[in-house]
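4 protein chains.
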Amino acid sequence: MKVGSPEAEINRISQELSEQGLTPEPIVGKHKVVLGLVGETAALDPRQIQEISPWIEEVLRVEKPFKRASREYRHGEAGEVVVSTPDGAVHFGEQHPVVLVAGPCSVENEEMIVETARRVKAAGAKFLRGGAYKPRTSPYSFQGHGESALGLLAAAREASGLGIITEVMDTADVDKISEVADVVQVGARNMQNFSLLKKVGAQDKPVLLKRGMSATIDEWLMAAEYVLAGGNPNVILCERGVRGFDRKYARNTLDLSVLPVLRSLTHLPIMIDPSHGTGWFEYVPSMAKAAIAAGADSLMIEVHPNPAKALSDGPQSLTPDRFDSLVQEMAVIGKAVGRWHEPAMAIA
Amino acid sequence: MKVGSPEAEINRISQELSEQGLTPEPIVGKHKVVLGLVGETAALDPRQIQEISPWIEEVLRVEKPFKRASREYRHGEAGEVVVSTPDGAVHFGEQHPVVLVAGPCSVENEEMIVETARRVKAAGAKFLRGGAYKPRTSPYSFQGHGESALGLLAAAREASGLGIITEVMDTADVDKISEVADVVQVGARNMQNFSLLKKVGAQDKPVLLKRGMSATIDEWLMAAEYVLAGGNPNVILCERGVRGFDRKYARNTLDLSVLPVLRSLTHLPIMIDPSHGTGWFEYVPSMAKAAIAAGADSLMIEVHPNPAKALSDGPQSLTPDRFDSLVQEMAVIGKAVGRWHEPAMAIA
Amino acid sequence: MKVGSPEAEINRISQELSEQGLTPEPIVGKHKVVLGLVGETAALDPRQIQEISPWIEEVLRVEKPFKRASREYRHGEAGEVVVSTPDGAVHFGEQHPVVLVAGPCSVENEEMIVETARRVKAAGAKFLRGGAYKPRTSPYSFQGHGESALGLLAAAREASGLGIITEVMDTADVDKISEVADVVQVGARNMQNFSLLKKVGAQDKPVLLKRGMSATIDEWLMAAEYVLAGGNPNVILCERGVRGFDRKYARNTLDLSVLPVLRSLTHLPIMIDPSHGTGWFEYVPSMAKAAIAAGADSLMIEVHPNPAKALSDGPQSLTPDRFDSLVQEMAVIGKAVGRWHEPAMAIA
Amino acid sequence: MKVGSPEAEINRISQELSEQGLTPEPIVGKHKVVLGLVGETAALDPRQIQEISPWIEEVLRVEKPFKRASREYRHGEAGEVVVSTPDGAVHFGEQHPVVLVAGPCSVENEEMIVETARRVKAAGAKFLRGGAYKPRTSPYSFQGHGESALGLLAAAREASGLGIITEVMDTADVDKISEVADVVQVGARNMQNFSLLKKVGAQDKPVLLKRGMSATIDEWLMAAEYVLAGGNPNVILCERGVRGFDRKYARNTLDLSVLPVLRSLTHLPIMIDPSHGTGWFEYVPSMAKAAIAAGADSLMIEVHPNPAKALSDGPQSLTPDRFDSLVQEMAVIGKAVGRWHEPAMAIA
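Chains as they are written, first to last, in the working numbering: chain C, 1 to 348; chain W, 1 to 348; chain F, 1 to 348; chain E, 1 to 348.
This is the structure we're talking about:
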């Protein structure tokens, strides 16, 4: 409250807040009165409360707006998301080795997707990424092969044993995509497509939630909260670069500081996508290694058998050979921080 | 090309580009060679071309990526969007008076929406805005009354004669919303929901396309291009504030410079929303007047009979009385720039 | 304090804060305890207080960090800055007509600066802007003529009767610049050059303080506070566009919403610079008119006799003829809002 | 040039550009003409050239604006900056171990600075950082002890053998600071204080150039170019976080992608400051490790004997004990990537 607020006004405000189901508790100081609000404040708009009286100086939120996504929700413990794949369960989480997800931006044909799947699996990936439905800035760009690409992903899954991660862009496509995918991806442009979030929250497959182009940490966790509140407890968060003021060299600003920040706020596993995060394959290796050193639970990396001919995002894709080398570099860091999966020795 | 690029390499690159259907034309200078590309370049990714050879120094786009949205598409002329309403056709465009759109953030009940419609019509509005489906950051916030609110909008339309503008958030809702709405709104969070853009491009009602939170001008016009390419020529662009680095006072940064920029790039009409653009009703009047002085074709302003009790966005809503005063202030500017509708005198 | 904070810990924290000269006042609720802090909090770092105990959930600032710059400092009244010029005192402030400042980016030679001064004065300007010392991104660009240009500004002042506004970039130059200038400008890149702010705060000429490229409103007002606290009460704030994520068309994002925001926070007069704010002369007129409609106290506009040959910033400069037309357009808006200076009729 | 540009106009433009000392070379295609410009283009403003004719569609820069800072300037080789310290020469650069710089935000008294120097040296640091002159947002905050603190830094240097890095804020202070400092720091707020850049370019001590709050990579390298062009070849670049849209948790966005980007553009060594970059000590370790994994040449980390009592930036400071642990964690990554200094064994 502003200095000099009349007592009658403070009483009136308290009364009004009580009617809204809140419990206002006044603190009377020498110069100022502060009203603490206890109760269900998650859905309140601080600006709205300020409107109640011109004597209110400022309304400040102390509680976090998210609940199920919060670390407190699991009493401070890390969570994990377990995904079943043809080759067995894969665990995403702080207590587990870094999970590698790799593959092309879009599924182009059976040969390329099966071949890519085999190569990235041999290098150590557990999941194949690949777009059937592609969000493209231009209506004149290749939009993905759609439903037929889902069949190709299923074939690649069977051929390789990898789990499948693919994006859904339309509520009408959720069912057919979640039939094929092991993890359903919501892309950056749809992070606040609340209809879509509700729909993927109402199905069973784990959800990979990419951070929106200019989403705050709170907005991102609230988007996760939509899925969690919808009944689906399995959400993986993926940082893929935010919009910055300088896009001359890197296309986006990969915000690796989300790693320690999210760790303290949420129990959800965290994936980093350095391919979209930088937009240029030369920048991917150093950012991938940085992500592991900083504590990422998973990496998503674009790999294409022939980036120069890719129908989308070629410039940020690694060749399978470059991916092989990168995995070796990442392994050095992963082992150093104790987060690398040592393959069992083959016994002759 | 970089200094010292071998001729054989330049020939190889030209060959490869020709195979992609482009016509490369080399310019040979003393120090450098530049390759000009002529042809269908709208869907090309400059980064991809750069991948063709390490001798390529930089790939720069000269052509604009949008076509139907461009001013050239109408040979430099301004366009107009004509919307039929119960009270007759309303024209949005540079050659017409400023069109006022007003109403609450969300439709709460019949009494409030009909009452608001009557008040804003009396003040000079031609359209009623009001959300049936609401995009809310929190899953625990009021999400709009949905389908039942569409009925209330229809009632308010009939009672007042105003046209109706309301938001669609899900491809599954497009049909039922376009039955009731005179203009279908795509919100900022869905500006790059390409499934939704295609769907509203395939129906007949004009589309109000809000600018995404951090959308560049090109991305925004490409989103409009999705609707235009889908067969719907009636798109109105609406600036509603972009994400900035300082949100302590104004919630967003209202980017009024889009007015002269868009004028030179596109023939589409331009609306300004100072209510979302600032997030605080005290800031609305000065930004509304600025918008008219800068050449806006239309204004969208939130009005609520009792902002302090609004179920959403109360703090940025004007009361009907404040809206009355604002219209008078806007009229002063509107008349000064020759863009104000003088109501016909009533004859006794 | 976090839920469940031990009483002993709360006492310990209160004790520690008391030792720092603050008066902590606890509010005890059913679930939480809030500690209100009263006292000299302007210099406190909220993060520092949080460090005192892991039981502190969040530290929130309620008081504004600026004092002399605040509107409350003048009991809610608007301030004014009065500048003496050869032609008499000019008043900047809410209660006065809009003051026009015009001139070239940099002073190139005597003829051009005197000629420009005469033309902009004839059009209605009260001040001539022109750089002697120029901040340039590249060390290889023209850096301004320096001291010799100060002499040319003095000549233009005498010839035209206009006041002079010119930029200071180095503490070592403050004295010689304030001898010639009627208003000393601190540029955007030096907004947090605190040595310079202290130096201009210790001299007598009014200070024009441009907003930094990515300065928040609070940081800007704190920079003004440096000048005010240094003993110079005459500060004019100038918005010149902030850094945004899209610089393809407009170079900066002109943030006109500072007009209503600053009005509520400070008594200082506000100038808008649409030339730097957009970076392109075609965009200047609509933004200049918008600024007046939104309540600007002053406009700064770049005018150059031959923009195509200008040594700096030609593309954002108007020719004197275009400036003449713009003044007529601005006058229409200025008169409409009652902020235009009507020149006295010449009597034959 | 736009489609349909008249030949006479193209000739006129070429003529005009020739007069400006450039060599325009036209490329004539079927639909378009492109004019290539060869010559001294570093100081040209593309917008200015566009002004020459309305037939010019767009002016695009192909050459980089920086020269001495460019990697090409050293024929693609990495550079190094060698700094002499009491304990011998320290090398900053890609071919050398990671250099640790540590110390408090500001020098508070002799005991604390000498004690901190001893502790960070024991942990492995080669340089002591510590502010004598402090840039503070508020004029009411502690501004540093100034000249007397320089004496304390000299004492700490002698006592510990560490090199000294301290900030200069005023051209008038350059001489006395460079007498004491082994590396002179230009802070983020002064990155485009061109007077200061010229002054530090004209003295002999190596310069640590922090990136401005919202500086693009090109602007940052151009600021370095000022120092290099002034005759001082020893510049170290330091990323310290840029301004983002979400400052609720991390204060700035630490942009680690500058590591691979700068590597390809410049030969200058690169330092990362995760303390300012995040603003919170808990986030420092993961970002410090990420920086090393991504290829940083040096780390600057704030260490204070008692952060809770620090006169500035306490919350982002580590205690000496925490710094000890962090160095061990960093060593694991540093060794993994082959960039760690193995101390020689002491012989009994």
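From the three backbone atoms N, C-alpha and C, an ideal C-beta is built for every residue, glycine too.
Beta strand (DSSP E) runs contained entirely in the segment 90-123 of chain W, provided each spans 3 or more residues: 99-103
Collapsed DSSP secondary structure at residue 52/E in the structure displayed: In the fourth sequence, counting from the first residue as 1, residue 52/E sits at position 52. Coil.
Test: residue 287/E CB closer than 8 Å to a CB of chain C: Sequence index remark: in the fourth sequence, residue 287/E carries index 287 (1-based). Output row for residue 287/E: interface = yes.
C-alpha gap between residue 122/E and residue 113/E, whole angstroms: The residue labelled residue 122/E in the question sits at position 122 within the fourth sequence. The residue labelled residue 113/E in the question sits at position 113 within the fourth sequence. Cα to Cα, the separation comes out at about 14 Å.
Backbone secondary structure at residue 216/E - three-state DSSP: Stepping through the fourth sequence from its first residue, residue 216/E is reached at position 216. If DSSP states are grouped into helix, strand and coil, residue 216/E belongs with coil.
Residue 199/W to residue 246/C span [Cα, whole Å]: Within the second sequence, numbered from 1, the residue matching residue 199/W stands at position 199. Within the first sequence, numbered from 1, the residue matching residue 246/C stands at position 246. So the alpha carbons of these two residues sit roughly 34 Å apart.
Residue 314/W in three-state terms, based on DSSP: Here the question's residue 314/W lines up with position 314 in the second sequence. Looking at residue 314/W - three-state DSSP - the assignment turns out to be helix.
Start and end residues, beta strand (DSSP E) containing residue 210/W: As a position in the second sequence, residue 210/W is number 210, starting the count at 1. 207-210 is the span of the beta strand (DSSP E), which, as asked, contains residue 210/W.
Separation of residue 182/C from residue 165/C, as counted between CA atoms: For the purposes of this step, residue 165/C is identified with residue 165 of the first sequence, where counting begins at 1. For the purposes of this step, residue 182/C is identified with residue 182 of the first sequence, where counting begins at 1. Rounded to whole angstroms, residue 165/C to residue 182/C spans 6 Å at the Cα level.
Check: residue 93/W C-beta below 7 Å from any heavy atom of the ligand SAM: The ligand SAM is absent from the structure shown, which contains no ligand whatsoever.
Residue of 311/C, 263/C, 306/C, 276/C minimising C-alpha distance to residue 93/C: Here residue 93/C is taken as the residue at index 93 of the first sequence, counted from 1. Selected option, being the one with the closest Cα: 263/C.
Listed by chain order, chain E residues near residue 294/C by CB distance under 7 Å: Within the first sequence, residue 294/C is the residue found at index 294, counting from 1. Correct list: 286, 287, 289, 290.
Length of the line joining the Cα atoms of residue 221/C and residue 66/C: The residue you call residue 221/C lines up with position 221 of the first sequence. The residue you call residue 66/C lines up with position 66 of the first sequence. One C-alpha to the other measures close to 7 Å.
As assigned by DSSP and simplified to three states, the class of residue 271/W: The residue given as residue 271/W occupies position 271 in the second sequence. Reduced to three states, the DSSP call for residue 271/W is strand.
Status (buried if at least 16 other CB within 10 Å, exposed otherwise) for residue 192/F: Sequence index remark: in the third sequence, residue 192/F carries index 192 (1-based). The residue is buried, with at least 16 neighbouring Cβ atoms inside 10 Å.
Per-residue contacts from residue 255/W into chain C (C-beta, under 9 Å): Your numbering for residue 255/W matches position 255 in the second sequence. Near residue 255/W there are no residues of chain C at all, since even the closest Cβ is about 14 Å away, more than 9 Å.
Counted within 10 angstroms of its Cβ, other Cβ atoms place residue 252/W as buried (16 or more) or exposed: Position 252 of the second sequence, counted from the first residue, corresponds to residue 252/W. Buried is the call here.
Simplified DSSP assignment, three categories, for residue 136/E: Numbered from 1 along the fourth sequence, position 136 holds the residue referred to as residue 136/E. Looking at residue 136/E - three-state DSSP - the assignment turns out to be coil, as it is neither helix nor strand.
Residue nearest to residue 255/F in terms of C-alpha spacing, selected from 230/F, 291/F, 174/F, 9/F: Within the third sequence, residue 255/F is the residue found at index 255, counting from 1. With distances taken between Cα atoms, residue 255/F lies closest to 291/F.
Contacts that residue 231/W makes with chain E (C-beta to C-beta distance below 8 Å): The sequence position of residue 231/W within the second sequence is 231, counting from 1. Neighbours of residue 231/W on chain E: none; closest Cβ ~27 Å, over 8 Å.
Those residues which DSSP pairs with residue 299/W across a bridge: Counting from one through the second sequence, the residue named residue 299/W turns up at place 299. 100/W, 272/W, per the DSSP bridge assignment.
8 Å Cβ cutoff, residue 45/F in contact with chain E: Locating residue 45/F in the third sequence gives position 45, where the first residue counts as 1. Chain E contact via Cβ: present.
Rounded separation between residue 34/C and residue 21/C - CA only: What you label residue 34/C is simply residue 34 of the first sequence in a count that begins at 1. What you label residue 21/C is simply residue 21 of the first sequence in a count that begins at 1. Each residue's Cα considered, the two are about 19 Å apart.
Own chain partners of residue 201/C with C-beta closer than 8 Å, once the 5 adjacent residues on each side are dropped: In the first sequence, residue 201/C corresponds to position 201, counting from 1. For residue 201/C, where only same-chain residues beyond five positions count, the Cβ hits under 8 Å are 207, 226, 227, 228, 229, 230, 231, 232.
6 Å CB neighbourhood of residue 84/E in its chain, flanking five on each side removed: Counted from its first residue, the fourth sequence places residue 84/E at position 84. Closer than 6 Å at Cβ, skipping near neighbours: no residue.
Contacts that residue 216/F makes with chain W (C-beta to C-beta distance below 8 Å): Working through the third sequence from its first residue, we reach residue 216/F at position 216. Correct list: 245, 246, 248.
Among 142/E, 219/E, 128/E, the one whose alpha carbon lies nearest that of residue 185/E: For the purposes of this step, residue 185/E is taken as the residue at position 185 of the fourth sequence. Per the Cα distances, 128/E.
Per-residue burial, residue 88/W [other beta carbons within 10 Å of its own, 16 or more giving buried]: Start at 1 with the first residue of the second sequence, and residue 88/W comes out as number 88. Label assigned to residue 88/W: exposed.
Segment contact, 8 Å Cβ cut-off, at least three pairs: the segment 4-11 of chain F with the segment 146-158 of chain W: no
CA-to-CA distance, residue 223/E to residue 145/F, given in whole angstroms: By one-based count along the third sequence, residue 145/F stands at place 145. By one-based count along the fourth sequence, residue 223/E stands at place 223. The alpha-carbon atoms of residue 145/F and residue 223/E are separated by roughly 20 Å.
Contact between the segment 314-331 of chain W and the segment 53-62 of chain C (3+ Cβ pairs under 8 Å): no
Where residue 258/E falls: helix, strand or coil (DSSP): By one-based count along the fourth sequence, residue 258/E stands at place 258. In this structure, residue 258/E counts as helix in the three-state DSSP scheme.
Residues, ordered as in the chain, of the segment 91-108 of chain C that lie near chain W by beta-carbon distance below 9 Å: none
Residue 257/C burial status per 10 Å Cβ neighbour count (16 or more: buried): Here residue 257/C corresponds to residue number 257 of the first sequence, with the count starting at 1. Classification of residue 257/C: buried, given that the 10 Å Cβ count is 16 or more.
Neighbour-count burial assignment, residue 348/F, 16 or more Cβ in a 10 Å radius: For the purposes of this step, residue 348/F is taken as residue 348 along the third sequence, with counting starting at 1. Below a pLDDT of 50, predicted positions are generally treated as unreliable, and residue 348/F, at 42, falls in that range; no measurement from the model is reported.
Test item: CB-CB of residue 169/W and residue 238/W under 8 Å: Position 169 of the second sequence holds residue 169/W. Position 238 of the second sequence holds residue 238/W. No, Cβ-Cβ distance for residue 169/W and residue 238/W is not below 8 Å.
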